[in-house]
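All the letters of the sequence shown, read from the start, carry residue numbers 249 to 421 under our numbering. A short write-up of the structure that comes next.
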Amino acid sequence: MHSRLRLVSIAAVLGLSAGACASASNGLSTDHASSTEPSSSTTSVTVAATVPLGSIHGLLGIRWIVDSRITVGGAIPIGASSTAGFTIANDGTMTVDTGCNTGSGAVSFPNATTFQVSDLVLTEKACADEPGNVEAEMLTLLGTVLAWSTTNSQLTVYPLTITDVGLILHAAP
């Protein structure tokens, strides 16, 4: 069952646990009668300047599909049938598929090797098992300033403050 789209505050998404997705217990406000307000333990990041999109090469206009989640213990592959990934268009908009929910947002580039997502809007389907884990990690990561690098047709993204978590993605054919 599909729910209405809602605006998700990326800062509020940081409260997600690995197995939770779009429920009142994860600190996000919902449209249900038992809704809650965003958690008071959220974090936000402010970026002062942005780099012109024309100077960002190797990232824009490509559909990136998640291959693995980077963890303290190494890379954990996700299922080959997963649709989880994102595209950052040349105009700075992002489309996101978490493998369970879809949506869009805006992207800014504090410098040529980092980006930050804002104004993310997602559908609200409940996500369980591996799709739920992948979604929780994607949304947590998209709530931070991310460093990125490409090698051949592989993209690696990770938060600036923690380098033992992140995602490894490949360019869709």
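Yeah, the Cβ is synthetic: ideal placement off N, Cα and C, and Gly gets one too.
Considering Cα atoms alone, identify which of Leu390, Leu408, Gly414 is closest to Thr343.
Leu390
Is the beta carbon of Trp396 sitting closer than 9 Å to the one on Leu307?
Taking 9 Å as the Cβ cut-off, Trp396 and Leu307 qualify as a contacting pair.
Give me the Cα-Cα distance between Leu368 and Ala354, rounded to the nearest whole angstrom.
7 Å
Apart from the five residues just before and just after Asn349, which ones in its own chain have a Cβ nearer than 6 Å to its Cβ?
Leu370, Thr371, Lys373
State the CB to CB distance for the pair Ser316 and Ala323, rounded to an integer number of angstroms; the pair is presumed to be in contact (CB under 8 Å).
4 Å
Just checking my contact of Ile304 with Ala360 at CB under 8 Å: how many whole Å lie between their CB atoms?
Cβ atoms of Ile304 and Ala360 come within 8 Å of each other, at about 6 Å.
Return helix, strand or coil for Asn349, following the three-state DSSP convention.
coil
Opposite Ile304 in the DSSP bridges: which residues?
Residue pairing of Ile304 in beta bridges, as defined by DSSP: absent, with no partner found.
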